[in-house]
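Under my numbering, the sequence shown has 84 at position 77, and the numbering climbs by one with no breaks. Each residue gets a CB set at the ideal place from its N, CA and C atoms; glycine is no exception. The structure appears below as structure tokens.
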Amino acid sequence: MSRLAFDWWRLCMESSQVIALRSMRMMQGGAVAQREAVRMVSEKWETAALLGMSAATGQAGNTPETAMRGAMQRYQTKVSANRRRLSR
8 MSRLAFDWWR
18 LCMESSQVIA
28 LRSMRMMQGG
38 AVAQREAVRM
48 VSEKWETAAL
58 LGMSAATGQA
68 GNTPETAMRG
78 AMQRYQTKVS
88 ANRRRLSR
């Protein structure tokens, strides 16, 4: 369970960084800000839909902990990629 807590903490920390980086990018305005806003919303909808489908079809896991780990892994992948991309 402590690994799950650490992974949750890591996701929260990286998410905070992505929020700050995206906010700075969107404050610049223009086409770059527009693309970032569209990307941000579409990523959230896509990931939520995939996780919803996994849960509805029984592919999310047999226990709540397994389902949570799977969901966090999907979000962590996106968040880490966004942090790297926005930090360049």
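Tell me whether R95 sits in a helix, a strand or coil according to DSSP, three-state version.
coil
Straight-line Cα distance separating F13 from G68
20 Å
Segments assigned alpha helix (DSSP H), at least 4 residues, entirely inside the stretch 29-77
37-63
Is it true that the CB of L11 sits closer than 8 Å to the CB of E72?
yes
Taking buried to mean at least 16 other C-beta atoms within 10 Å of its own C-beta, is A78 buried or exposed?
buried
Could you pull out every residue in the same chain whose Cβ sits closer than 6 Å to the Cβ of Q24, ignoring the five residues on either side in sequence?
R90
Among E53, I26, L93, the one whose alpha carbon lies nearest that of R81:
E53
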